[in-house]
Amino acid sequence: MVVEQDKGKMVPGYLSWFRDPVTFGDTIEESNRERKNQHIIRQLEKELEKAKATISRQLELQDVEGELKHTEGKLARLEEELDSRIHLARQIKREQSFEISRLKRDIVESEEVVHYQKGELKRQKERFEKERPCWMRLHDKLKAQLEEHKRKISHCVNIDEEREALLRNNLGDHQVWLNNCHENMGRARRQVHQLAKKISYVIKNLRRINNLEVVEQARVIVPHMPKVLLNLYETVGGQRKP
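So that you can map any letter, position 63 of the sequence shown is 89 in the numbering used here, and since no number is skipped, the others follow by simple counting.
This is the structure we're talking about:
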């Protein structure tokens, strides 16, 4: 801070400059006039800003009027659409009211059915509880019968298996017997064939036999031997020659 050297006081002009540097060195009147001018300028600037704002608002109002007309037309269309929707809503409401009434009737009927079914279920449950011991006894009886049938079936299966094994063994024995019979019949056919040859030989040489008794017996037996031998040959499986 600047201070006078002789008196030791602050310079007034410096104080004025400290408050308002622009007015340093001016007189008090000039400072007051300058402040007034600055105040007037600021007021005019404020008025100018207000005027600009007013003009801007007027322009905006003009735009708003156009938008308002557009909005009024849109509002009219919306009112028509609203009336149409109100009419549709009322129609839907009537239909829904009818549907709700029908659903209420269905609900009442369903509740009655459910109530009846609950009562019927309760009665069936009570009847089942009464009959349950009888059913349990019947169940145990049927289960025992089933086990008995299973045991019998298992026993029958075992018997059938044993019979099957026995039949297989018997079949093998019968096959052996049949094979033996086939061989024996073959030997019998050969023996009959040889016997027939011998008888034929005897018949041819009958006159050469000296024993009259044998000759007489042969004359009685020999004529029947070809037929007997043929039957015996066919019996043992031989085929008659044409």
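Ideal placement from N, C-alpha and C gives every residue a C-beta, glycine not left out. Quick caveat, the model's predicted, so the values are computed rather than measured.
| Asked | Found |
| --- | --- |
| Work out the CA separation of Gln-150 and Arg-163 for me, nearest whole Å. | 19 Å |
| Roughly how many whole angstroms lie between the Cα atoms of Gln-69 and Arg-59? | 15 Å |
| Fully enclosed by the segment 95-124, which beta strand (DSSP E) runs are 3 residues long or longer? | none |
| For Glu-107 and Val-140, I'd like the C-alpha separation in whole angstroms. | 46 Å |
| So, is Phe-50 buried or exposed, given that buried needs 16 or more other C-beta atoms within 10 angstroms? | Interpretation of Phe-50 is limited by its pLDDT of 47, a score under 50 that renders its predicted location unreliable; no figure is taken from the coordinates. |
| Measure the C-alpha to C-alpha separation of Thr-80 and Leu-101 and round it to an integer number of angstroms. | 29 Å |
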